[in-house]
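Below: one structure, written as structure tokens.
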Amino acid sequence: MSWKNAEELAAEYLRSEGYKVIGRNVRTPFGEIDIVALKKGTYVFVEVKSGYSKRISPAERVDRVKYAKILNAAEYYISNFPKKKFRSARVDVIEVTDNGIKHYENVGWEYR
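Sequential numbering of the sequence shown, starting at 1, is according to UniProt numbering.
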């Protein structure tokens with residue numbers, strides 16, 4: 001499965017769960033945010049991972065370095081992009097494999 005297909009499946013999944021997808025492949029000086037979504041006043045910055053390895057799952061490939069880039073990109077987005085009304089923000093990881101979709105919510109950072 002290509003990463004583009006994985007991102008499209010992740011966006012469709014989010015929409016089906018009541019999220020409004022407001023950005024895809026958003027570029028910042030700190031890196032790209034795969035999906036920016038909004039649900040019930042919460043910005044959700046989503047990292048999409050796909051693929052298969054016997055050693056680690058796709059979601060486990062979000063290491064400290066990647067996580068730091070995601071946090072910096074999310075904070076940049078909040079500070080610099082057009083504002084929608086929001087109360088909080090969080091980072092999620094969506095894993096897309098041949099076995100389906102796993103959504104890991106609030107993987108350690110919340111902005112209030």
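A virtual CB, placed ideally from N, CA and C, is assigned to each residue, including glycine.
Note that this is a predicted model, so its numbers are computed, not measured.
Going by DSSP, N106 is part of no beta strand (DSSP E) at all; its letter is neither H nor E.
In this structure, DSSP gives N80 a helical state, which the three-state scheme calls helix.
Taking C-beta atoms under 8 Å as the contact rule, E12 and I35 fail to qualify, at a distance of about 11 Å. Assignment of N99 by DSSP, reduced to helix, strand and coil, places it in the coil class. For the set T42, L9, G31, the Cα lying nearest the Cα of K83 is the one of T42. Look at K39 here: in three-state DSSP terms it is strand.
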